[in-house]
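There are 2 protein chains.
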Amino acid sequence: MSTDELISQIRKKNSFLCIGLDTDLSKIPPHLLEEADPIFSFNKAIVDATHHLCVAYKPNTAFYEACGIKGWEALAQTMEYINTKYPEILTIADAKRGDIGNTATQYARAFFEDLSFDAITVAPYMGRDSVEPFLKFSDKFTILLALTSNPGAFDFQTKRIEGKELYKQVLETALTYENSEQLMFVVGATKAEYLKQIRAIVPNNFLLVPGVGAQGGSLVEVCRYGLTKDIGLLINSSRGILYASKGKDFAAAAREQALQLQKAMAVEMDKI
Amino acid sequence: MSTDELISQIRKKNSFLCIGLDTDLSKIPPHLLEEADPIFSFNKAIVDATHHLCVAYKPNTAFYEACGIKGWEALAQTMEYINTKYPEILTIADAKRGDIGNTATQYARAFFEDLSFDAITVAPYMGRDSVEPFLKFSDKFTILLALTSNPGAFDFQTKRIEGKELYKQVLETALTYENSEQLMFVVGATKAEYLKQIRAIVPNNFLLVPGVGAQGGSLVEVCRYGLTKDIGLLINSSRGILYASKGKDFAAAAREQALQLQKAMAVEMDKI
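Protein chains in written order, with the working numbering: chain A, 1 to 272; chain B, 1 to 272.
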């Protein structure tokens, strides 16, 4: 998928919502557990109920790996379903992978080729030769962790390296990587005040913002500093949508939550 | 597995060799490709040929994920084989995972419970709440990336944060995490000169050292600065052992390479 296609989808749907498919067997409606593949059944229902309100789905691989081979199969099935039925939607493997050249290429193949994801999240700690193998795949996005939304982000990311915070060094250094126009960056919404400074460094790249909702970030604040003339934002919500109800109405409840977020996003887009 | 059990195994075998099972279908002997599960057949032959010469096996998950569900099945089968036939051997999932609390717990379950690994490699970028969920599993090791052996390591890891290199900040900060006695650290062998400084910060924790052999590190140099009275080192070799021959003698050739390393390690252990 190209950036232009993503922007065009955002404008058409008046939404830059990304739904995190962090499907947890202990949290999905109990009646689904009787089905042959509860994870896929849940995902399918959520996707069918929300596809017109969001522009991206982001399964976090941890939840699938925790279920072993069955989880991996459910992930593959979910990807095939989305790519077949809603091919316009951006798919993000929230995998936070990071390894050296040869091995990074294996991960890129796993997610971009075998599972047909459009994008993957990648950790920056190992530097250039752990990121560029992903950027070699054209029409795919590499979403680099910059400033995350968890308390541990303050352990290293906000510490100053040679006078500048590590996450800023990550942003600046990543812009020098080959094919850096295919980079997006993860920026936690719990730190909206940082977004202004981040936009000064990366004025054009899309930012993937988790932490609106369950983790306490404010949509309006994030948009104030993060929106660009080409939108430039994907805002993720996971638990708030997925687990809006534990009853048989879970998909309708999820749609309602997604609709509220989409409406709020449409208001923000009108301000541009 | 406990640290005492690991040390006892090292002393018994006169070896602190870890073999990286980075099994790549494009590199294994062609005659194996005719078998039902070439990856498992290859791993089984390598393990049977080398188990008495090494103390740990370290499959890099990227190589298995790149093969989709079949790869994941081969990994599960390999783990079951090692844990059943050679239960004394430490198994390390070289997964370099890193995610926040709830998600990190899912990864820990995937590798420690579902696949029964004894240890996993973890990336430090997201800080405390991305590492401690792994450390909650008793009798399991969490192996944190500190200083890696690739060129990209110089992008961030060796940069100074408040006067001290990032990798040293990672070591010092990690020692404050709960259950930090279950931590090991990844330290690249291409930077043996750094090992002395690292030992000053973490005098007791085991170090997992990749990069001896294919990546150019020297075993003698690493041992000079890294060995402790309780050994404290696991030195990894992957390609140099796995792909010593592409013929039907590949397992014997792998054993010969492992034997050379084990002998060199025995010499270094005698110096303690």
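The beta-carbon is built from N, C-alpha and C at its ideal position, and this holds for glycine as well.
**Asked** By a C-beta neighbour count over all protein chains shown, 10 Å radius and 16 as the cutoff for buried, is alanine 108 of chain A buried or exposed?
**Response** In the first sequence, the residue the question calls residue 108 of chain A occupies position 108. Classification of alanine 108 of chain A: buried, given that the 10 Å Cβ count is 16 or more.
**Item:** phenylalanine 185 of chain B (DSSP reduced to helix, strand or coil)
**Value:** Mapped onto the second sequence, residue 185 of chain B falls at position 185. The answer is strand: DSSP assigns phenylalanine 185 of chain B an E or B state.
**Message:** Considering only the alpha carbon of each residue, which of B:Thr105, B:Gly232, B:Gly20, B:Ile231 lies closest to valine 212 of chain B?
**Reply:** Here residue 212 of chain B corresponds to residue number 212 of the second sequence, with the count starting at 1. Checking every option, the nearest Cα to that of valine 212 of chain B belongs to B:Gly20.
**Any chain B beta carbon closer than 8 Å to tyrosine 285 of chain A** = Here chain A has residues from 1 to 272 only, and residue 285 of chain A is not among them.
**Rounded C-alpha distance that separates glutamine 61 of chain A from alanine 95 of chain A** = By 1-based counting over the first sequence, the position of residue 61 of chain A is 61. By 1-based counting over the first sequence, the position of residue 95 of chain A is 95. For the record, residue 61 of chain A in the displayed sequence is threonine; it is not glutamine. Approximately 5 Å, taken between the alpha carbons.
**Request:** Under 8 Å by Cβ, that's how I've got isoleucine 39 of chain A and glycine 68 of chain A pegged, so tell me the actual separation to the nearest angstrom.
**Result:** In the first sequence, the residue the question calls residue 39 of chain A occupies position 39. In the first sequence, the residue the question calls residue 68 of chain A occupies position 68. With a Cβ gap of about 12 Å, isoleucine 39 of chain A and glycine 68 of chain A do not count as contacting.
**Prompt:** leucine 183 of chain B touches chain A at which residues, Cβ-Cβ below 9 Å?
**Reply:** Position 183 of the second sequence, counted from the first residue, corresponds to residue 183 of chain B. Chain A residues near leucine 183 of chain B: none, gap ~14 Å exceeds 9 Å.
**When A:Phe112, A:Ile100, A:Glu193, A:Leu195 are compared against glycine 127 of chain A, the one with the closest alpha-carbon** = As a working note, residue 127 of chain A is residue 127 in the first sequence. Shortest Cα-Cα distance from glycine 127 of chain A to any of A:Phe112, A:Ile100, A:Glu193, A:Leu195 involves A:Ile100.
**Item:** lysine 168 of chain B - containing alpha helix (DSSP H), residue span
**Value:** Position 168 of the second sequence holds residue 168 of chain B. Segment 166-174, the alpha helix (DSSP H) holding lysine 168 of chain B.
**Message:** Less than 8 Å between CB atoms is the rule here; does tyrosine 243 of chain A satisfy it with respect to chain B?
**Reply:** In the first sequence, residue 243 of chain A corresponds to position 243, counting from 1. No, because no Cβ of chain B sits closer than 8 Å to the Cβ of tyrosine 243 of chain A.
**Message:** So that I know if they touch, is there some Cβ in chain B lying closer than 8 Å to that of aspartate 155 of chain A?
**Reply:** Counted from its first residue, the first sequence places residue 155 of chain A at position 155. Nearest CB-CB separation between aspartate 155 of chain A and chain B: below the 8 Å threshold.
**Asked** When Cβ atoms are compared, which residues of the segment 55-79 of chain B fall closer than 7 Å to chain A?
**Response** Within the segment 55-79 of chain B, the qualifying residues are Asn60, Ala62, Phe63, Glu65, Ala66, Gly68, Ile69, Trp72, Glu73, Ala76.
**Prompt:** Can you name, in chain order, every residue of its own chain whose Cβ lies under 7 Å from the Cβ of glutamate 172 of chain A, other than the five neighbours on each side?
**Reply:** For this step, residue 172 of chain A is matched to residue 172 along the first sequence. Excluding residues within five positions, the ones whose Cβ falls inside 7 Å are Ile201.
**Asked** What are the residues of the segment 104-124 of chain A that lie near chain B, defined by any Cβ-Cβ distance shorter than 7 Å?
**Response** Hits within the stretch, in order: Gln106, Tyr107, Arg109, Ala110, Asp114, Ala123, Pro124.
**Proximity test, Cβ basis, 8 Å: glutamate 178 of chain A and chain B** = As a working note, residue 178 of chain A is residue 178 in the first sequence. Closer than 8 Å: no.
**Request:** Enumerate in chain order the residues of its own chain whose CB-to-CB distance from alanine 264 of chain B is below 6 Å, with the five nearest sequence positions on each side excluded.
**Result:** Here the question's residue 264 of chain B lines up with position 264 in the second sequence. So the list reads Leu219, once near-sequence residues are dropped.
**Request:** Tell me phenylalanine 141 of chain B's beta-bridge partners as DSSP assigns them.
**Result:** On the second sequence, position 141 is the one that residue 141 of chain B refers to. Paired residues: B:Ala119.
**Status (buried if at least 16 other CB within 10 Å, exposed otherwise) for glycine 247 of chain B** = Within the second sequence, numbered from 1, the residue matching residue 247 of chain B stands at position 247. It counts as exposed.
**Message:** For tyrosine 194 of chain A and arginine 160 of chain B, what's the separation of their Cα atoms in angstroms?
**Reply:** The sequence position of residue 194 of chain A within the first sequence is 194, counting from 1. The sequence position of residue 160 of chain B within the second sequence is 160, counting from 1. Our two residues, tyrosine 194 of chain A and arginine 160 of chain B, have alpha carbons roughly 22 Å apart in a direct line.
**Request:** Return no unless some Cβ of chain B is closer than 8 Å to the Cβ of isoleucine 92 of chain A.
**Result:** For the purposes of this step, residue 92 of chain A is taken as residue 92 along the first sequence, with counting starting at 1. False, the Cβ-Cβ gap to chain B never drops below 8 Å.
**Request:** With 8 Å as the threshold, decide whether the Cβ of glutamate 172 of chain A is near any Cβ in chain B.
**Result:** Counting from 1 along the first sequence, the entry for residue 172 of chain A is found at position 172. It does not: the Cβ of glutamate 172 of chain A has no partner Cβ on chain B nearer than 8 Å.
**Request:** Determine the direct distance from the alpha carbon of leucine 135 of chain B to that of threonine 142 of chain B, and round the result to whole angstroms.
**Result:** Sequence index remark: in the second sequence, residue 142 of chain B carries index 142 (1-based). Sequence index remark: in the second sequence, residue 135 of chain B carries index 135 (1-based). So the alpha carbons of these two residues sit roughly 6 Å apart.
**Asked** What does serine 130 of chain B touch in chain A if you count any residue whose Cβ is under 8 Å from its own?
**Response** Position 130 of the second sequence, counting from 1, holds the residue named residue 130 of chain B. Simply Asn150, Gly152.
**Message:** Counting only Cβ pairs nearer than 8 Å, list the residues of chain B close to leucine 207 of chain A.
**Reply:** Looking up residue 207 of chain A in the first sequence gives position 207. Per Cβ cutoff of 8 Å: no residues; leucine 207 of chain A is ~17 Å from chain B at best.
**Asked** Given a threshold of 16 other Cβ atoms within 10 Å of its Cβ, counted over all protein chains shown, does threonine 176 of chain B qualify as buried or as exposed?
**Response** Position 176 of the second sequence holds residue 176 of chain B. Only exposed fits threonine 176 of chain B, as fewer than 16 other CB atoms lie within 10 angstroms of its CB.
**Request:** Would you verify that the beta carbon of isoleucine 161 of chain B is, or is not, closer than 8 Å to some beta carbon of chain A?
**Result:** The residue you call residue 161 of chain B lines up with position 161 of the second sequence. Answer yes: the Cβ-Cβ gap between isoleucine 161 of chain B and chain A drops below 8 Å somewhere.
**Request:** Determine, using beta carbons only, whether aspartate 37 of chain A comes closer than 8 Å to chain B.
**Result:** Position 37 of the first sequence, counted from the start, is the residue given in the question as residue 37 of chain A. For aspartate 37 of chain A, the answer is no, since every Cβ of chain B falls outside 8 Å of its Cβ.
**Message:** Rounded to the nearest angstrom, what separates alanine 123 of chain A and alanine 174 of chain A at their Cα positions?
**Reply:** The sequence position of residue 123 of chain A within the first sequence is 123, counting from 1. The sequence position of residue 174 of chain A within the first sequence is 174, counting from 1. Roughly 11 Å between the two C-alpha positions.
**Item:** Straight-line gap, phenylalanine 250 of chain A to glutamate 34 of chain A (C-alpha atoms, nearest Å)
**Value:** Indexing the first sequence from 1 puts residue 250 of chain A at position 250. Indexing the first sequence from 1 puts residue 34 of chain A at position 34. When only Cα atoms are considered, phenylalanine 250 of chain A and glutamate 34 of chain A end up about 16 Å apart.
**Prompt:** Any beta-carbon of chain A closer than 8 Å to the one on lysine 96 of chain B?
**Reply:** Reading the second sequence from its first residue, position 96 is the one you call residue 96 of chain B. Lysine 96 of chain B counts as touching chain A.
**Prompt:** Pick from A:Ile46, A:Leu115, A:Val55, A:Ala45: whose alpha carbon is nearest that of alanine 76 of chain A?
**Reply:** Within the first sequence, numbered from 1, the residue matching residue 76 of chain A stands at position 76. Comparing Cα positions, the closest option is A:Leu115.
**Request:** Report the residue from A:Ser238, A:Ala253, A:Asp230, A:Ala252 whose alpha carbon sits nearest the alpha carbon of asparagine 14 of chain A.
**Result:** Start at 1 with the first residue of the first sequence, and residue 14 of chain A comes out as number 14. Ranked by Cα distance from asparagine 14 of chain A, the options A:Ser238, A:Ala253, A:Asp230, A:Ala252 are led by A:Asp230.
**Request:** Throw me the rounded Cβ distance for the valine 294 of chain A and isoleucine 82 of chain A pair, which I believe falls under 8 Å.
**Result:** Past the edges of chain A, shown from 1 to 272, lies residue 294 of chain A, and the structure says nothing about it.
**Asked** Could you check where the alpha helix (DSSP H) with alanine 251 of chain A kicks off and where it finishes?
**Response** Within the first sequence, numbered from 1, the residue matching residue 251 of chain A stands at position 251. That run of the alpha helix (DSSP H) goes 250-270.
**Asked** By Cβ distance, which residues of its chain are closer than 7 Å to glutamine 9 of chain B, with the 5 residues on each side in sequence left out?
**Response** The residue given as residue 9 of chain B occupies position 9 in the second sequence. Counting only Cβ-Cβ distances below 7 Å, and skipping sequence neighbours, we find Val55, Glu88.
**Asked** So the alpha helix (DSSP H) arginine 128 of chain A belongs to, where does it begin and stop?
**Response** The residue given as residue 128 of chain A occupies position 128 in the first sequence. Secondary structure note for arginine 128 of chain A: its alpha helix (DSSP H) is the uninterrupted segment 128-135.
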